[in-house]
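Written below as structure tokens is the structure these notes are about.
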Amino acid sequence: MMTIKRTVVLLLLAGLWGCTNNLTVVGDFPPPLIHTLPKSIGVLYDDDFRNYIYTEKSEDRSKWIINNGNAQVTLFNRVLPVLFNHVEEVGQIPSLDAPAGTDLVLHPKVIEFQYSVPRETRFKVYEVWIKYNLSLYDNQGELIADWIVTAYGKTPTAFMQSNEEAMNAAVLVALRDLGANLSLGTPRVPEIKAWLQNHSASAQQASLEG
Amino acid sequence: MSERLLILLALITLQACTSVTIDEYKASPSVQIEQGERVVVLGRRHSANYETEPDLITCIAEVLGKDNDLIQVVSEREFVDALYPWFEPRTAPMRVRDMNRILTRAEVAERINGYDIRYIVWVDGNTETTSSSGSIGCSIGAGGAGCFGFGTWDKESDYEASIWDYQELESLGQISADAAGTSYMPAIVVPIPLIARVQKNACEAMGAQIKTFLNPQDIVIKQAGGSK
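Same order as they appear, the protein sequences are chains A and B.
Taking this note's numbering, the leading residue of the first sequence gets 373, the next gets one more, and so forth.
Taking this note's numbering, the leading residue of the second sequence gets 265, the next gets one more, and so forth.
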């Protein structure tokens, strides 16, 4: 009797799990075709970022669990080595006592993740919005710039494509959008632009005096 | 038995009708693709309400490259990846003069030139189901299973292709394709789909028209060959 009850409970749980869309985002990104900044950078991927999982908590919506941590780290690791002349991972934000071995340190954070599926809108597309907060420090831990980057991606529903495949494609488009923003937008952030100008000028001045 | 099978196969392979209307505007009469010049077909993805389907772009590229040695097509995915991030939905040039902005970067110009691109074809639009009606019910029992009912749905395609001359940086013209069709699904024990291939027909018609646009000589040669 006990075995039957257990089996029924297990079957119910399996049924519930079957209703959940469980996705680990998988994909690759091309290297950007951009100028390399003559600076080195350390990047801090904290556990929240590296293992980022979005879980839909609303009971009015279909249940989605989206693991995007690995894919977003892959994107940053694809873009940063082209944007800067040297990249390494660091374990903490630098300080006066523990300065970084690179010119700059970047600390990315996910602050918002949203999606919509065709059932919720009248458009037959899956959409994803991700909002990132990027903090850039100098090698002594002084904050140079703190800015927001948004990523948006959508993909049309396609015949014989599962919900997970369509959502995966939408997240990858959003991450490509983030990569485009990062590649083209980072040197244009006013504080970073000023810092780069100051540091290239001071470097030139120092080399002239030397 | 074999007769029944043949009837079933004939019913399955039956297609509903689609009507396609093609319009062409040609700004320059002297367009003629030359040997060694290549074409890339790209989909517009900037609209909030729809997305030009990647499979439509692949289909048009296939039609362009089929049955001729002159038109060589670079795949959309390969081109967009090689030029990342300059042809993404938010960064792609919307007008031909916007190309100047990205071509100021020597590495971008060099990469495009490496593909021997002469023509860039931008396709914008989508296919959508405009209405549907009817219902089909299926049931299963000890004696067997079966479906009964009737369903119908309408689909419409609306695409526009803009053709740019990459070497001269000018817009050469536009081709639009509007297609519409109604699909039917009667079910008497077995559902028999009579599908109107609206997107496929729009793709084939637009692909054929772009082919003629880029290589009008081909039509002259074919007509001359046919009149002999």
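The C-beta atom is built at its ideal place from N, Cα and C for all residues, glycine as well.
Here the structure is a predicted model, which means the values were calculated and not measured.
Inset, instruction - Output yes or no for whether 7 Å exceeds the beta carbon distance between I324 (chain B) and M470 (chain B). - result: As a working mapping, residue 324 (chain B) is identified with position 60 in the second sequence. As a working mapping, residue 470 (chain B) is identified with position 206 in the second sequence. Yes, they are a contact pair.
Inset, instruction - Give the residues from the stretch 403-423 of chain A that approach chain B closer than 7 Å (Cβ to any Cβ), ordered along the chain. - result: Listed by position, the residues of the stretch 403-423 of chain A near chain B (Cβ gap below 7 Å) are P404, L405.
Inset, instruction - Could you please give the first and the last residue of the uninterrupted beta strand (DSSP E) stretch that includes M470 (chain B)? - result: Against the second sequence, residue 470 (chain B) aligns to sequence position 206. Segment 462-478 is the alpha helix (DSSP H) holding M470 (chain B); no beta strand (DSSP E) there.
Inset, instruction - Give a yes or no on whether the C-beta atoms belonging to Y348 (chain B) and P402 (chain A) are separated by under 7 Å. - result: Position 84 of the second sequence, counted from the first residue, corresponds to residue 348 (chain B). Position 30 of the first sequence, counted from the first residue, corresponds to residue 402 (chain A). In this structure, P402 (chain A) lies closer than 7 Å to Y348 (chain B) by Cβ.
Inset, instruction - Could you list which residues in chain A have their beta carbon closer than 8 Å to that of N313 (chain B), in chain order? - result: If you number the second sequence from 1, residue 313 (chain B) lands on position 49. Result: F495.
Legend entry - Under 7 Å by beta carbon: chain A residues contacting Y348 (chain B): Sequence index remark: in the second sequence, residue 348 (chain B) carries index 84 (1-based). For Y348 (chain B), the residues of chain A that pass the 7 Å Cβ criterion are P402, P404, L405, in the order they occur in the chain.
Legend entry - L269 (chain B), buried or exposed, once every other Cβ within 10 Å from all chains shown has been counted against 16: As a working note, residue 269 (chain B) is residue 5 in the second sequence. Per the 10 Å Cβ criterion, exposed.
Legend entry - Any C-beta of chain A under 7 Å from that of K492 (chain B): For this step, residue 492 (chain B) is matched to residue 228 along the second sequence. In this predicted model, K492 (chain B) has a pLDDT of only 40, less than 50, meaning its place in the structure is not dependable; the value taken from the coordinates is given anyway. So, not an interface residue.
Inset, instruction - Show which residues of chain A have a CB atom less than 8 Å away from the CB atom of T355 (chain B). - result: Numbered from its first residue, the second sequence carries residue 355 (chain B) at position 91. Those within 8 Å of T355 (chain B) in chain A are A552, L556.
Inset, instruction - For E267 (chain B), I'd like the list of residues in its chain whose CB is within less than 6 Å of its CB, leaving aside the five on either flank, ordered along the chain. - result: Within the second sequence, residue 267 (chain B) is the residue found at index 3, counting from 1. Nothing listed; no residue qualifies.
Inset, instruction - Give a yes or no on whether the minimum CB-CB distance between P559 (chain A) and chain B is below 7 Å. - result: What you label residue 559 (chain A) is simply residue 187 of the first sequence in a count that begins at 1. With 7 Å as the cut-off, P559 (chain A) does not count as an interface residue toward chain B.
Legend entry - 8 Å CB neighbourhood of S467 (chain A) in its chain, flanking five on each side removed: Counted from its first residue, the first sequence places residue 467 (chain A) at position 95. Once the five neighbours on either side are set aside, the close Cβ partners of S467 (chain A) are Q512, G513.
Inset, instruction - Please confirm if E326 (chain B) has its CB atom under 7 Å from at least one CB of chain A. - result: As a first step, residue 326 (chain B) is located in the second sequence; it is residue number 62 there, counting from the start. It does not; no Cβ of chain A falls within 7 Å.
Inset, instruction - Within the same chain, show all residues whose beta-carbon is closer than 6 Å to that of C402 (chain B), passing over the 5 residues directly before and after it, in chain order. - result: One-based indexing of the second sequence puts residue 402 (chain B) at position 138. Excluding positions up to five away in sequence, the list reads C411.
Legend entry - Residue interval of the beta strand (DSSP E) (run including S294 (chain B)): The count along the second sequence starts at 1 and reaches residue 294 (chain B) at position 30. Where S294 (chain B) is concerned, there is no enclosing beta strand (DSSP E), given that its DSSP letter is neither H nor E.
Legend entry - Completely contained beta strand (DSSP E) runs for the stretch 397-459 of chain B, where each covers 3 or more residues: 408-429, 434-455
Inset, instruction - Could you tell me if S292 (chain B) is buried or exposed, where buried requires 16 or more neighbouring beta carbons within 10 angstroms of its beta carbon? - result: The count along the second sequence starts at 1 and reaches residue 292 (chain B) at position 28. By the neighbour-count rule (16 or more Cβ atoms within 10 Å), S292 (chain B) is not buried but exposed.
Legend entry - Segments assigned alpha helix (DSSP H), at least 4 residues, entirely inside the stretch 407-483 of chain A: 419-422, 441-455
Inset, instruction - May I have the straight-line CA-CA distance separating G473 (chain A) from I465 (chain A), to the nearest angstrom? - result: Here residue 473 (chain A) refers to the residue found at position 101 of the first sequence. Here residue 465 (chain A) refers to the residue found at position 93 of the first sequence. Roughly 12 Å between the two C-alpha positions.
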